[in-house]
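Residue numbers (the working numbering), protein chains in the order written: chain A, 717 to 1026; chain B, 693 to 843.
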Amino acid sequence: MIATVTLNPALDVILEVNSLKLDHYNKVHNTHVTSGGKGINVSKAVRGCGRETIAIGFLGGDRGRVIEEELRGLGITTNFWHIEENTRSNIIITDKTKGQHTLLSEPGPKVTEYDLEMLQSIFYRVMSQCSIVTLSGSLPRGISADIYAKLVSIAKERGVKTILNTSGEQLIKGLEKNPFLAKPDLRESNQVFGIKIDKEKDAIKAAKEVVQRGAEIGVVSLEQEKDIIATRDELWFAETTYHKIVNLIGAGDALVAGLAVALTEEEKSFEEVIKFSMACALASALREEEEFSSREEVERCLKWVRVNKI
Amino acid sequence: MKIKDIMIRDVTSVLTNCKLIDLIEILSRHKITGIPVVNHNQEVVGFISQHDIIKATLPNYLGIINSGSILCEFIQLSKNLKEYSQHPIEEFMRKNVVTIDEDDNEVLAADLLIRNKIQRLPVLRGGKLVGVVTLTDICRVLIEKNENTVN
């Protein structure tokens, strides 16, 4: 089983309008409500690959229960700790006429020391059923930056491989505990360890530093569906050759899901692991809204992935 | 149909040392009536429901006699609950827990739920908790099956 942790999930409410006018009455033509959060997205993509997954983290209130229902409906096992405050929501106003998207993001709920203690207890137990766990995304209020470091230590104690996909202080502290694989999250800033990721050489430098700081494998994404993968002795370059991309949102999470799936399939070589994860990212990028729903979709994308050892 | 196709894929559970007060909070936040009790390896070691909590806090005959009035029963009940609130749930849970394997079928699940007069049945894979199944889930599946046959 593949576990995913989402500490700061959200309920995304997508409202479709035509020519949004501010300070005016606007009619909504279509409403779409879905669960969001990097770990949850990873679970959806893992399920899309036909593998078993369990999602854990914090949820709260009615929004939390809506998210749980949706995930279970997709065949994802849940074991969230329910906190006192409501899960945050993101309102996304999509203006179909102008092609503009406006995001209104609520701050996350407050998480207490007790909540954190309970989550760690759940995490410890769930690790007895898993072979790999992904730790992704931002932190809610009230959580210190060493949380991922603590979870990496617990997972290692239970013999479970870890994939860390976050940014800032929590990435740096997490790397100190030697996760199996780490991929810096570059959504908010395309900088990591003070390196600005513009060109291939920057990504190579950053991927090497991820390994130097403690991970066995470092993955750094470049724009235009390119990735650099570093290990202690090797350096790989992966790219997709199909460029009619529809939606890049969530492609990074699908890549992480692909890594988690392929790393648990022992017959796969390292090159095949990289190829499969890139194919997952591409399959996700070819979908406009929901995540891909079959392994065949991923396998069809394999022919558009090129992987080279540098 | 196999249980794994109809079960609720949720493994929310508690450890034996969970305090009664915390358990009540968990049941209320999840809006559920009962929960499996597990060890650190997700093996089910018990089950506790609201029914077990109230049963444990009901005053005994001696308590009623000593209270001097039947009207004191509610006060006695809440006093008992307060007294037990810090106790571990291990003291109140059912230890001879009924479970089902994810590869078993809905008929066996229905039989176990009815015969044991229980609401929720923990589902296991290789001895570890992977979900729960309720009579509502079974009824839903039976109705869907029936509609498909009619169609």
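Note that beta-carbon positions come from the ideal geometry of N, C-alpha and C, so glycine has one too. This one's a predicted model, so the numbers in the text were calculated from it and none came from an experiment.
Own chain partners of Ile792(B) with C-beta closer than 8 Å, once the 5 adjacent residues on each side are dropped
Ile695, Leu800, Ala801, Leu804, Leu813, Pro814, Val815, Leu816, Val825
Let's test the definition: count the other Cβ atoms within 10 Å of the Cβ of Gly823(B) and tell me whether it reaches 16, buried, or not, exposed.
buried
Suppose the cutoff is 6 Å on Cβ atoms and the five residues either side in sequence are ignored; what does the same chain contact list for Thr793(A) look like?
Ile770
Return the residues of the segment 938-963 of chain A that lie within a Cβ-Cβ distance of less than 7 Å from chain B, sorted by chain order.
none
Cβ of Val908(A) within 7 Å of Cβ of Ala922(A)?
yes
Please state whether DSSP places Asn757(A) in a helix, a strand or coil.
helix
Name the two residues that bound the continuous alpha helix (DSSP H) containing Glu983(A).
Note, Glu983(A): premise wrong, no alpha helix (DSSP H); not H, not E.
Give the range of the alpha helix (DSSP H) segment to which Phe839(A) is assigned.
829-842
In terms of residue numbering, what span does the alpha helix (DSSP H) encompassing Gly890(A) cover?
884-891
In whole angstroms, give me the CA-to-CA distance for Pro728(B) and Ile945(A).
43 Å
Three-state class that DSSP yields for Gly993(A) in the structure shown:
First, the residue type needs correcting, since residue 993(A) is Ser and not Gly in the sequence shown. Helix.
Hey, is Val703(B)'s beta-carbon within less than 7 Å of any beta-carbon in chain A?
yes
Endpoints, the alpha helix (DSSP H) within which Glu798(B) is located
798-807
Based on the DSSP output, what are the partners of Trp952(A) in its beta bridges?
Ile945(A), Lys1025(A)
Cβ of Gln886(A) within 7 Å of any chain B Cβ
no
Would you be able to state if there are at least three C-beta pairs under 8 Å between the segment 847-861 of chain A and the segment 738-745 of chain A?
no
Is it right to say Thr704(B) is buried, meaning 16 or more other beta carbons lie within 10 angstroms of its own, or is it exposed?
buried
Just the Cα atoms here: how many angstroms apart are Val989(A) and Ile806(B)?
48 Å
To the nearest angstrom, how far is it from the Cα of Gly928(A) to the Cα of Lys917(A)?
Before going on, a small fix: residue 928(A) reads as Gln here, not Gly. The alpha-carbon atoms of Gln928(A) and Lys917(A) are separated by roughly 16 Å.
Just to make sure I have the definition right: I need the residues of chain B whose C-beta is within less than 8 Å of the C-beta of His798(A). Which are they?
Ile718, Arg721, His722
Return the bridge partner residues of Lys694(B) from the DSSP annotation.
Asn797(B)
Output, in chain order, the set of chain A residues within a Cβ distance shorter than 8 Å of His732(B).
Tyr840, Arg841, Ser844
Let me see if you follow: with CB-CB separation under 7 Å, is Asn795(A) close to chain B or not?
yes
Please report the residue range of the beta strand (DSSP E) in which Lys820(B) lies.
820-826
With the cut-off set at 7 Å, would you say Gly930(A) and Asn881(A) are in Cβ contact?
no
Kindly list, in the order they appear in chain A, the residues whose Cβ is closer than 9 Å to that of Lys820(B).
Ser844, Gln845
Can you name the residues of chain B whose CB is closer than 9 Å to the CB of Ile792(A)?
Arg701
Spell out whether any CB of chain B is found under 7 Å from the CB atom of Val788(A).
For the record, residue 788(A) in the displayed sequence is Arg; it is not Val. Interface residue, yes.
Kindly confirm or deny that the segment 774-785 of chain B and the segment 708-722 of chain B touch, where touching means at least three C-beta pairs closer than 8 Å.
yes
Do you know how far the Cα of Gly752(A) is from the Cα of Ala967(A)?
13 Å
Classify Ala923(A) as helix, strand or coil using the three-state DSSP reduction.
helix
How about Val706(B) and Phe739(B): do their beta carbons lie closer than 7 Å?
no
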